[in-house]
Amino acid sequence: DAKTTQPTSMDCAEGRAANLPCNHSTISGNEYVYWYRQIHSQGPQYIIHGLKNNETNEMASLIITEDRKSSTLILPHATLRDTAVYYCIVREYNTDKLIFGTGTRLQVFP
Amino acid sequence: DTGVSQDPRHKITKRGQNVTFRCDPISEHNRLYWYRQTLGQGPEFLTYFQNEAQLEKSRLLSDRFSAERPKGSFSTLEIQRTEQGDSAMYLCASSLVVGAPETQYFGPGTRLLVL
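Chains as they are written, first to last, in this note's numbering: chain A, 8 to 117; chain B, 37 to 151.
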């Protein structure tokens, strides 16, 4: 089973920041948090991952709380093309597979 | 830099027929994964290869399913005697393991419909 919980859906106005929360209260010290997104009928797209520190790349920022029990993915200026299902995944240490939950459906509106 | 490619993108078949899907990973990626995704659910792991060796298989992978990666490059996933419950999106991902953690990159998927 997935080790994360995410809201089922969220809305965001175009041009505003989208903040997607994820709870992973049972995360272990050596487990990474990964974010993927899936636009309708396409394969999942890698966004970002992190362990302890906050991370930023050209797509998004990942904020991980100090106790690592939750994280937030931030899309700084959401566009209509960011409408997708966003998956937060805790990469378990002793496994190589990704265990997806049902994700958050983000709807960006004009 | 080409991404992961999958062929065909769509497949419609009749129950009882055999189907085969192909995945071409990103060049020089040594790991290749297969996942299955049904409507409204996240992808579920099926199996993965490191080079040509199949290292793990999910219990979702029944005896009717077989996967190969003969030369450590492309992979095939075959489903024998298809059933309506096999209708799903079959996703392939690849990664390069040079140390932890690896990042898996997904292909566009093959959508299978069994009538």
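Note that CB positions come from ideal geometry on N, CA and C, so glycine has one too.
Checklist entry - Beta carbon of Q42/B, beta carbon of G108/B: below 8 Å? => result Taking 8 Å as the Cβ cut-off, Q42/B and G108/B do not qualify as a contacting pair.
Checklist entry - Of all the options I62/B, R72/B, T38/B, R51/B, which has the alpha carbon lying nearest to the alpha carbon of L113/B? => result For the options I62/B, R72/B, T38/B, R51/B, the alpha carbon positioned closest to that of L113/B is the one of R72/B.
Next on the checklist: For a contact defined as C-beta to C-beta under 8 Å, what are the partners of T128/A on chain B?
Outcome noted: The structure shown does not extend to residue 128/A, since chain A is modelled only from 8 to 117, so the question has no answer here.
Checklist entry - Is P83/A near E21/A, with beta carbons less than 8 Å apart? => result It is not a contact, given that the beta carbons lie outside the stated cut-off.
Next on the checklist: Against chain B, does P116/A count as a neighbour if the rule is that its beta carbon must be under 8 Å from one of theirs?
Outcome noted: Residue identity check: residue 116/A is Phe in the sequence provided, not Pro. Proximity of F116/A to chain B, defined by a Cβ-Cβ separation below 8 Å, is not satisfied.
Checklist entry - If the cut is a Cβ gap below 8 Å, which residues of chain B does R98/A touch? => result The contacting residues are P137.
Checklist entry - Hey, would you say A25/A sits closer than 8 Å to G108/A, going by beta carbons? => result Going by C-beta atoms, A25/A is not nearer than 8 Å to G108/A.
Next on the checklist: Please tell me whether Y39/A and Y53/A are closer than 8 Å, where the distance is taken between their beta carbons.
Outcome noted: Their beta carbons are not under 8 Å apart, which means Y39/A does not touch Y53/A by this criterion.
Checklist entry - If we cut at 8 Å on Cβ distances, does F85/B have a partner in chain A? => result No, F85/B lies away from the interface with chain A (no Cβ there is under 8 Å from its Cβ).
Next on the checklist: Quick check: the Cα distance between S102/B and F57/B, rounded to an integer number of angstroms?
Outcome noted: Their backbone Cα atoms lie some 11 Å apart in a straight line.
Item to check | Cβ separation of L68/B and F85/B, assumed to be a contact under 8 Å, to the nearest whole Å | outcome: Between L68/B and F85/B a beta carbon distance of about 5 Å is seen, short of the 8 Å cut, so the two are scored as contacting.
Item to check | CB contact flag (L132/B, H65/B, <8 Å) | outcome: Judged by beta-carbon spacing, H65/B lies within the 8 Å limit of L132/B, meaning their Cβ atoms are closer than that value.
Checklist entry - Shortest alpha-carbon distance to P28/A belongs to which of Y41/A, G36/A, N37/A, D103/A? => result When each option's Cα is compared against that of P28/A, the closest is Y41/A.
Item to check | Close beta carbons around T49/B, own chain, < 8 Å, minus the five adjacent residues each side | outcome: Closer than 8 Å at Cβ, skipping near neighbours: V55, T118, L148, L149, V150, L151.
Next on the checklist: Using a Cβ-Cβ cutoff of 8 Å, what residues of the region 106-118 of chain B are near chain A? List them in chain order.
Outcome noted: Per Cβ criterion, the list is empty.
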